[in-house]
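Everything below concerns the one structure shown next.
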Amino acid sequence: MLVNDDHSTQKNLPSSSCIRKKRTVSRIKQNPKQKMGDIEDLLKYLCQRDKKNSWLTVEKEISSFQHSLLEWYRQNKRQLPWRQTLMEQHPNPYHIWVSETMLQQTRVTSVIEYYKKWLQTFPDIPSLAASSLERVNEIWAGLGYYRRAKLLYEGAKTIMSCFDGQVPEDIRLLQSIPGIGPYTAAAIASIAFNKPYAVCDGNVFRVLSRLFSIDLDISSSDNQSFFRSLAQFLIFKDKAADYNQAMMELGATVCTPKNFDCKHCPVHHWCNSFQTATERQVPLNDIVGQYPVKFNRVKQSNEELQVYLIVFANYFLMLKNVSRNLLGNLWHFPYVTLKRNGNELTEDEKLQHERCLSRVLHSCGYPLNDTNDLLKLLYESAIPIGQVEHLFTHIKQTIYVKFVRLSSETSLVVENSSHRIGGIDPNDESIEYRWLTKEQMETSAISRQMKKVMELYQQQKKQKFIHSFFC
Amino acid sequence: MVSKEEQNSSSSFQFEARLTQASLIKKILEAIKDLVTDANFDCSAEGLSLQAMDSSHVSLVSMVLHAQGFEMFQCQRAVSLGINLASLTKILKCAGNDDSITLRADEKGDKAEFVFESQSQDRLSEFELKLMDIDSEHLGIPDTKYSAVVEMPSSEYRRICSDLGLMGDTVRISVSKESVKFQVDGDIGKGSVCLHPSSVVDKPTEVVKISLEEPVDMIFSIRYLNNFAKAAPLSDTVTLSLSKDFPLQVEFKFGEQMGYLRYYLAPKID
């Protein structure tokens, strides 16, 4: 396996790491050499797969590739506020750091205004470090992923206390600063200090996968190491800052996921997938568009649920999701999962849902002798009132809703407060339930899909039932 | 077991009935199978009838085929045939529209027999359908004098429902002496269709007739009305009967003395 030098074991150095400055520096110098064996394997792998990739072994070719790319970047780069500092002899690493942090998971167009506002408010590291978390969050508000703002602030404080207010040039030291991981460290080291570290964002992964027709899943971390080594091999060491930005710019403006513009690509001459498509005279999208290959690891899955609105007087029975998943601690109507990805659930799994519900009803004083009584209640008195669809992260849920009105003749203990019942059987998890009116539901923590269920019920409520007229 | 020889003129079946045209039963099934999955076909001396609610308990289907409408009708004792309508559809697919159809049920009541015979009598097919036990509550439908009764061409009814169904979920039906108005109010906008009683009667099947005790104005789910429109092939005209706070009745008659298919739909409230 290829080792990625960016992954440092000292990632989470304590802030006292300044003392260890010297030792770390000496270690980094040995690192690129350790990787040589891997790079040979990598080149062998790429050339053997396709002889179109063999230019990788010809120095002259690599050099003209680099120059074409750099020349294109010089002429075509976008004017972005954080590129102003690059005109200076010593670019301001703080600017690079802020922009790279803001650009994570966020589009360039939304970052621009925030970047300007940030630098107006915190023109340098001391002013940021002297600020407060509230102020930092205020400026960040609207950009999302607020953790990044907090980390910038903490990073600034660390730089003040450990590095005399100067952003360190060394990639390992950079990584000891909160919020600076391998990616940001490489970006700061290369762009601000022109150190020969390849920066690999999603754009670069895409460019490389097309350039060499690499059908590896870019979401796997092993494969990302492979791409990083390749990027590191291709980097133009004297102009690392421009080279890295050129690669990212190419991916962001020309070699885009869709509507890529191979005709205007400065390196299509070297591009395996472009050349393959041209040779075979097939549409570019059939070859170039297939990279990076998608493995759909997080495949959209689907679920079918049967939700029961169990109503007594004007109270609805709700259970608390005690799991730690995304819906943890939210209240939901009792439900039974029917199918997952088209497969019926096993009887055991269904039984578990049903047991849970019968325990709750039993605890309220509903006359249930066993699960069969519950099934009878659910299957015979439940009236289907429709279905709702909900997309929950990557799960498409189809929720069938049934309405069960418990006879007003049963004497139930219906209380508003939350009740917890422990398991009778050691396998039974403890359950929390409560009875809520429609109005109380509006102010309770209820998931979006359950709100949709309630909306359906509200609509349906206007519809009278036929058996209320004929008997 | 009863051997062939012992069978004499009087049928050994509890119930046996023959219709000259299978198309009637086929159309009835088409008209109800999307609303109801399983139903009891009740056979008695009076005829064959069916009553079932849809799964949401919002509408009710009531079908009656009078004994005199059959070519042959014998019923020793009332029997109830529990039938899955999807299964029945499969069997009826095997019958030609002009075939005669004979339905039989024996004492055990675990299966029903269907015999289809072509008009020229040179093709005879026989099918057995396993019956099911269906628990269904039989609802009593009170005799009602409706406030408003509208008769209109069933093709017109079908067209209005399908057109307005594209706009919204509910339709407001208002009947006055002068007109019957169907109004929809949906996400994309609103619309209405207004029919006036016909003054000139050229073709009796294109007539719109309104008889009114008092004006009504009620809201219904279009989805169900659209479902009822599947019965349009059964009859040229349809009769809508409305009374305030009471289910709408949508009736398709199978011709004189044959019987009817009625749908009842519970109203929506504002």
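Residue numbers (our numbering), protein chains in the order written: chain E, 27 to 497; chain C, 9 to 278. All C-beta atoms, glycine included, are put in the ideal place defined by N, C-alpha and C. Computed from a prediction, not measured in an experiment: that's the story for all the values here.
For residue i, count neighbouring C-beta atoms within 10 Å of its own C-beta (all shown protein chains included) and say buried if the count is 16 or more, exposed if not.
i	result
Pro58 of chain E	Per-residue confidence for Pro58 of chain E stands at a pLDDT of 39, beneath the threshold of 50, marking its modelled position as unreliable; no derived number is given.
Pro360 of chain E	buried
Pro275 of chain C	buried
Thr436 of chain E	exposed
Thr83 of chain E	exposed
Asp2 of chain C	This structure does not reach residue 2 of chain C, given that chain C is present from 9 up to 278, and the question cannot be answered.
Ile425 of chain E	buried
Ala167 of chain E	exposed
Pro161 of chain C	buried
His420 of chain E	exposed
His294 of chain E	buried
Ala103 of chain C	buried
Gln486 of chain E	buried
Tyr171 of chain E	exposed
Gly263 of chain C	exposed
Arg431 of chain E	exposed
Ser398 of chain E	First, the residue type needs correcting, since residue 398 of chain E is Asn and not Ser in the sequence shown. Looking at its Cβ environment, which holds fewer than 16 other Cβ atoms inside 10 Å, Asn398 of chain E is exposed.
Phe21 of chain C	buried
Could you check which residue in the options has the C-alpha nearest to that of residue i?
i	options	result
Asp243 of chain E	E:Trp357, E:Glu87, E:Val319	E:Val319
Asp268 of chain E	E:His294, E:Glu97, E:Phe495	E:Glu97
His68 of chain C	C:Asp42, C:Leu89, C:Ile91	A small correction: the amino acid at residue 68 of chain C is Leu; His does not occupy that position in the sequence shown. Answer by Cα proximity: C:Asp42.
Val440 of chain E	E:Tyr223, E:Phe342, E:Asp76	E:Phe342
Thr45 of chain C	C:Lys185, C:Ser95, C:His146, C:Phe254	C:Ser95
Asn280 of chain C	C:Lys35, C:Leu256, C:Glu259	The question about residue 280 of chain C has no answer, for chain C in this structure spans 9 to 278.
Ser89 of chain E	E:Ile240, E:Glu468, E:Lys263	E:Lys263
Tyr272 of chain C	C:Phe21, C:Gln257, C:Pro223	C:Gln257
Lys116 of chain C	C:Lys217, C:Arg85, C:Phe254, C:Arg270	C:Arg85
Asp248 of chain E	E:Arg174, E:Ser470, E:Tyr459, E:Asp64	E:Asp64
Phe49 of chain C	C:Asp143, C:Phe190, C:Gln127, C:Ile91	C:Ile91
Ala155 of chain E	E:Val193, E:Arg133, E:Ser136	E:Val193
Val280 of chain E	E:Ser470, E:Glu329, E:Asn229	E:Asn229
Val183 of chain C	C:Ser57, C:Leu73, C:Leu250, C:Phe260	C:Leu250
Give me, in chain order, the residues of the same chain whose beta-carbon lies closer than 8 angstroms to that of residue i; leave out the 5 immediate sequence neighbours on both sides.
i	result
Trp108 of chain E	His121, Ile122, Val124, Ser125, Tyr141
Thr178 of chain C	Val192, Asp193, Ile227, Phe228, Ser229, Ile230, Lys276
In chain order, what residues of the same chain lie with their CB nearer than 6 angstroms to the CB of residue i, ignoring the 5 residues before and after it?
i	result
Cys51 of chain C	Phe23, Cys83, Val87
Asn340 of chain E	Thr463
His204 of chain C	Ser187
Ala211 of chain E	Ile197, Leu200, Gln201
Val66 of chain C	Ala274
Glu259 of chain C	Thr247, Tyr268, Arg270
Taking C-beta pairs closer than 7 angstroms, name the residues in chain A that residue i reaches, listed in chain order.
i	result
Ile411 of chain E	No chain A appears in the structure shown, which is made up of the protein chains E and C.
Am I right that residue i and residue j are in contact with their C-beta atoms under 8 angstroms? What's the rounded C-beta distance?
i	j	result
Gly205 of chain E	Leu169 of chain E	Going by Cβ atoms, the distance from Gly205 of chain E to Leu169 of chain E rounds to 14 angstroms, so no, they are not a contact pair.
Gly267 of chain C	Gly77 of chain C	6 angstroms
Ile411 of chain E	Leu482 of chain E	6 angstroms
Leu248 of chain C	Val123 of chain C	At roughly 37 angstroms, the Cβ-Cβ gap does not stay under 8 angstroms, so Leu248 of chain C and Val123 of chain C are not in contact.
Ile109 of chain C	Leu27 of chain C	5 angstroms
Phe253 of chain E	Phe231 of chain E	5 angstroms
Met71 of chain C	Ala25 of chain C	In fact, because the Cβ distance is near 14 angstroms, the residues do not count as touching under 8 angstroms.
Leu438 of chain E	Tyr392 of chain E	6 angstroms
Leu364 of chain E	Gln332 of chain E	5 angstroms
Ser170 of chain C	Asn234 of chain C	6 angstroms
Ala75 of chain C	Gly55 of chain C	4 angstroms
Ser235 of chain E	Tyr317 of chain E	4 angstroms
Ser384 of chain E	Leu394 of chain E	5 angstroms
Phe238 of chain E	Leu72 of chain E	5 angstroms
Cys382 of chain E	Ile457 of chain E	6 angstroms
Ser200 of chain C	Val216 of chain C	Not quite, the Cβ-Cβ distance comes to about 16 angstroms (not below 8 angstroms), so this is no contact.
Return the chain-ordered list of same chain residues with a C-beta closer than 7 angstroms to the C-beta of residue i, the five sequence neighbours on each side being excluded.
i	result
Thr213 of chain C	Pro161, Asp244, Thr245
Ala266 of chain E	Ser216, Asn220, Lys221, Pro222, Tyr223
Lys488 of chain E	none
Gln307 of chain E	none
Ile99 of chain C	Phe122, Phe135, Leu137
Could you tell me if the beta carbon of residue i falls within a distance shorter than 8 angstroms of some heavy atom in the ligand FMN?
i	result
Arg385 of chain E	For the structure depicted, the ligand FMN is absent and the ligand set is empty, with no information on it obtainable.
Interface residues of the stretch 471-491 of chain E facing chain C [CB-CB below 9 angstroms]:
Hits within the stretch, in order: Gln485, Gln486, Lys487, Lys488, Gln489, Lys490, Phe491.
What residues from the stretch 84-104 of chain C come within 8 angstroms of chain E, judged by C-beta to C-beta, listed N to C?
Residues: none.
Within 9 angstroms of chain E by C-beta, residues of the stretch 140-155 of chain C in sequence order
Correct list: Asp143, Glu145, Leu147, Gly148, Ile149, Pro150.
Check each residue of the stretch 203-231 of chain C: if its Cβ is closer than 7 angstroms to any Cβ of chain E, include it; give the result in chain order.
If the cut-off is 7 angstroms between Cβ atoms, the stretch 203-231 of chain C has Ser229 near chain E.
Got a sec: which bits of the stretch 40-67 of chain C sit with their beta carbon under 8 angstroms from any beta carbon on chain E, in order along the chain?
Contact residues of the stretch 40-67 of chain C toward chain E are Met61, Ser63, Ser64, His65, Val66, Ser67 (C-beta to C-beta distance below 8 angstroms).
Compile a chain-ordered list of the residues in the stretch 254-274 of chain C whose CB is closer than 9 angstroms to at least one CB of chain E.
Taking 9 angstroms as the Cβ-Cβ cut-off against chain E, the residues of the stretch 254-274 of chain C that qualify are Phe254, Pro255, Tyr272, Leu273, Ala274.
According to a CB-to-CB cut-off of less than 8 angstroms, which residues of the stretch 106-127 of chain E neighbour chain C?
Along the stretch 106-127 of chain E, none of the residues has a CB nearer than 8 angstroms to a CB of chain C.
Interface positions of the stretch 181-200 of chain C facing chain E (Cβ-Cβ less than 7 angstroms), listed along the chain:
Residues of the stretch 181-200 of chain C that bring their beta carbon within less than 7 angstroms of a beta carbon in chain E are absent altogether.
Where the stretch 374-385 of chain E meets chain C: residues whose CB sits under 9 angstroms from a CB there:
From the stretch 374-385 of chain E, no residue has a Cβ closer than 9 angstroms to chain C.
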